[in-house]
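Note sheet for the following structure.
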Amino acid sequence: MNITVAWEDVISVIQQIAGYLIVIGVALLAMIAVLILARRAGKPKSKFIRIQSVIAFFMILLIMVNAISLGPLENLISISLAEKGSLSAESAASSRETIEKVAEEGIVMTKNVDNILPLIDKNINVFGWASTNPIYGGTGSGSVDISTAVGILSGLENAGFKLNTELSDMYKAYRTDRPVVSINDGQDWTLPEPPVTQYSNEMLTKAKQFSDTALIVIGRVGGEGADLPHDMGGVMDGSWNEPGTKYRKATYHNNSPDYSDFKDGQTFLELSQTEKNLVDMVTKNFKKVVVVYNGSNTFEMGWTNEYEQIKGVILAGGTGVTGFNALGNILTGKVNPSGKTSDTWVNDLTVTPYFENIGHFAYTNVDEVVSKARQAWAKSDGVASFVNYVEGIYTGYRFYETASTEGLIDYDKAVQYPFGYGLSYTTFNQQMGVISEKNGSLTFEVTVSNTGSVAGKDVVEVYYNPPYTNGGIEKSSANLIGFEKTKILAPGESQKFTFNLSLDDMASYDTTGDGRYVLEAGDYAISLRTDSHHIVDEQVYTLHQNVIYDETNLRSGDKAAATNQLQFAEGDVSFLSRANKFANYTEVVAAPTDFEVKGELLANGTYDPTKYNNAADVMPVQGVNNGLEAFDLRGKDYDDPKWEDLLSQITVDEMVNFIAYGGFGTTKIDSIHLPATVIADGPAGVNSFVTQSFGTGYPSENLLAQTWNVDMAYEVAEGIIKELQDFKIHGWYGPSMNLHRSAFNGRNFEYYSEDPILSAKMAMSETQAAHDNKIIPFLKHFAFNEQETNRNALLCTWLSEQAARELYLKPFEKTVGANDGSPLAIMSVFNYIGTEWGGSTSALLNHILRDEWGFRGMVLTDYFGNYGYMDADRAVRGGSDLMLGTAGNEAIMTDLSATSVIAMRHAVKNSLYTIVNSSVYENYTGYSTPAWIKIIYIADAVLFVILALLEVALIRSYKRKRKMMTD
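Residue numbering for the sequence shown follows this note's numbering, starting at 2 and increasing by one per position.
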């Protein structure tokens, strides 16, 4: 989990300044040549020429350094040299306290036979190498600094447990570091675990004498840039390393020469052979065993039911730097677990409806596109690939509940832990009041009572089951629509909640015709559940006629009616249908057989912006002095006419520069006195390699979602934002809100859940904390970014518009809708939507985001590397406003036609609207040129004077010597 500089940044910087370096190199060679040839001129002419050549070289060097510093690297230098704060002891202490509280509510207990938990025996044998090298988060932009982290063993000791150190000493001696899964260094998926042959009889005898209780810790890590392998046999024998794919660096090293840890067809998310042997050994020697799974990706846990000795199971993934203190306190009973799963945990991941449609699928008819992409970027993956979201709206629990209803699956055999599942040390009773309808909302109360003997918290989960017509609009039989987390309830204590459910939140998107949200007539079962599968109480609301949401009847929050915008992204893919009891299931979920792209696939070298210019556009007049500065527009309405006056002051060159250099900050604009900003990753805490600012490591977002506590989400964001403010950072690349389509997404730790409503409510709360502190949140990644495989290649995502709107866009839609006009930004994606790069898809970024949802703010691309398909002209025309680039390259606008300049004005306005209403202008005292630029100006002046004086002295000396020689 090292926090490192991405090679894309280094390559991008080198490429951008290459021309300047060549000039310096040529000048250096010329100087050397002159120094050699000048010897023939004789004295004093020889010396004069040689010194002149050195002065000339230094003049050229000075000019080039200035050009680099005040040109392509200005923004990067500005960010690096910006006034930096430091993490205060108060903020760090507060963060560590918050992190522990999140883990207390986010760690999930899923098994507790014979009430083995909380543990009575304070002596514990802790087995498993991961106990000495646990997972605190993930790798990449959402990684965390773990230098001050509390480990599993320390957390247990802090809770009062005594541990068998002979075991931990053996694990530390076996291997001290966790194998690297990173963007830069490849993916080593090795799972270190000592073979059971290393446990001597004497060691096991001592362990049993020490305690009859054993903990087994199993860990799995995920990271940005690589999905978890779903064919470990292929990784181990090298067949997984297909040329031109992101798997080319995947490796695995067995723990024993006597057997293979994995076989063909096994996945990374099941036990290795060494881990199975460990479980066998521990269960044969101990009657009381508790399993702790430390990972953010759902894992096959069915084996925990195959051993009667395994009486307890705890899910503790991505706990952050102090979260394992909470694990210790849960095991002692000091804390009563209240976490609920944020995903469905299935027994066999290889039979999930998405399984055959994740991974590497390369198109075969794209030689020209790939060739031109590689010409643009030699390091390009050299593939154009695709992924089909064939399951449609039936993801996660929506599939399992509906498939069970239709008789397609045996639910109990398929599902280990339902979505929203978790146990407590106490018991609760939930009662649902009578539903009433008024003004398009359903209202009812839920009363939660603690009926046990221990204080604790409970989660109230409300679902709806809409009326379904065979062959009609696709609908899931269970859909989360609301939830609440109780306070700590003492035994016998109750708490009452009032739910107000908007009927339009139960509408389904019908893609037939023009496409509309439709609330179909029929019975809507509103149920109170302990999880997605177990119903506590249910009432039926009957709607007597269809409700169509069009321009005459908008859904609440809409600025324009939703209409079909993304049908082009459906392509010719067939999607899973509930019709006739999922009759098309086998055919649809099979692996793809068609590897030819249909339609035009645009990439660098095949996109010409001039072809899309509007001849009627008139070039705007730029660079005029209207006497305004950016601060004057703070608090003004987005449609205020003064914006046009302000934009007219900005030169075209300033707009080009501002749009291109938007990586980890924005550039200054002198003409409107706009100061530069500093922006940082990440969703789990401050993570800026540019400014070298690293904050406290917060828990992964999926652990936060498992709290089901929106107040806790606010507290987490507030803590991260306080640290951003300590570091004098203005923007936050977070929260992340893509869905867990697949258990194998390497970035699931960075996203909340498989469910859009749970994700939305968490994101809304975190975003509100950012709003309240005027920090700019960048909601990411917009949209359909549920796979890391080939993410830097040209990856075409195909999905149904219904799934897009009801699932993957929903967290963004809800969060944008909750925005109160405070500064808000969105980060788009690497992937293509159909055959159009997501960062330039106008249907998404303009029509849906801005027209339908009313979004006002900036859209930033994902990292703008020279990947062979990104183009700034294309992006700006398609709705992106800022390129997340550090050194330009394709981020530089090249088409300066009237059409392009008009688009640039609009893009700059969106960014300015966000910036001027942020913390950048809190306590504003006036604009000033950055100190480092002033230093350059002063240094230039001093050096110019020195060189001028040197030149004058040199000429005088030469003349004097010539005169002496002639005399």
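Just so you know, even glycine gets a beta-carbon here, dropped at the ideal spot from N, CA and C.
With 16 as the cutoff for other CB atoms within 10 Å, does residue i come out buried or exposed?
i    : result
P419 : buried
I15  : exposed
G483 : buried
K790 : Per the sequence shown, the amino acid found at residue 790 is Thr instead of Lys. Result: buried.
A19  : exposed
K247 : Low confidence applies here, because K247 scores a pLDDT of 44, under 50, leaving its location unreliable and the question unanswered by this model.
N911 : buried
G628 : exposed
M507 : buried
E203 : exposed
H545 : exposed
V946 : exposed
H535 : exposed
R97  : buried
K811 : buried
Helix, strand or coil for residue i? Go by DSSP, reduced to three states.
i    : result
Y662 : coil
T1   : Lying outside 2 to 968, the shown extent of the chain, residue 1 is not represented and no answer is given.
K247 : Only weak support exists for where K247 lies, its pLDDT of 44 falling under 50; the value from the coordinates is given anyway. Residue state, collapsed to three classes: helix.
P757 : helix
T5   : For T5, the predicted model reports a pLDDT of 47, less than 50, meaning its position is unreliable; a value from the coordinates is still stated below. It is coil, neither helix nor strand.
V830 : coil
V455 : coil
M237 : helix
P778 : strand
G600 : coil
A363 : strand
Q803 : helix
K729 : coil
S81  : helix
A580 : helix
V103 : helix
G266 : coil
Let me make sure I understand the geometry here. Which of the options has the alpha-carbon closest to that of residue i?
i    : options                : result
Y870 : V322, W933, L795       : L795
D232 : Y253, G220, D609, Q650 : Y253
K123 : K163, F400, Q769, T887 : K163
S257 : Y586, L192, D538       : L192
R517 : H534, D532, D559       : D559
Y398 : A744, L950, I670       : A744
V463 : T499, T564, L529, Y422 : L529
V461 : A591, K476, L443, T487 : T487
W933 : G927, D941, T926       : D941
Q53  : T275, L63, V103, A39   : A39
T862 : D349, G855, K458, V830 : V830
P621 : L634, T652, K599       : T652
L490 : E802, F445, Q803, K458 : K458
V371 : A604, P230, L647, Q417 : A604
K815 : E891, G855, A526, E521 : G855
E755 : Q199, A522, N480       : N480
Kindly indicate the opening and closing residues of the beta strand (DSSP E) around residue i.
i    : result
D511 : 509 to 511
K277 : Per DSSP, K277 belongs to no beta strand (DSSP E); it is in the alpha helix (DSSP H), 274 to 286.
Y418 : 416 to 418
F484 : 480 to 486
I315 : 311 to 316
R517 : 517 to 520
R530 : 523 to 530
On the DSSP letters alone, give me the boundaries of the alpha helix (DSSP H) that residue i sits inside.
i    : result
V66  : 46 to 70
K643 : 643 to 650
T111 : Element bounds for T111: not the alpha helix (DSSP H) but the beta strand (DSSP E), 109 to 113.
A385 : No alpha helix (DSSP H) holds A385; the beta strand (DSSP E) holding it covers 385 to 389.
M905 : 899 to 917
Taking only beta-carbon positions, decide if residue i is within less than 7 Å of chain B.
i    : result
G152 : Of the protein chains in this structure there is only one, and it is not chain B.
Segment contact, 8 Å Cβ cut-off, at least three pairs: the stretch 140 to 154 with the stretch 216 to 229: yes
Segment contact flag, the stretch 329 to 348 with the stretch 103 to 117, C-beta cutoff 8 Å, min 3 pairs: yes
Sufficient close CB pairs (3 or more, under 8 Å) joining the stretch 722 to 731 to the stretch 69 to 87: yes
Segment contact, 8 Å Cβ cut-off, at least three pairs: the stretch 649 to 666 with the stretch 61 to 81: yes
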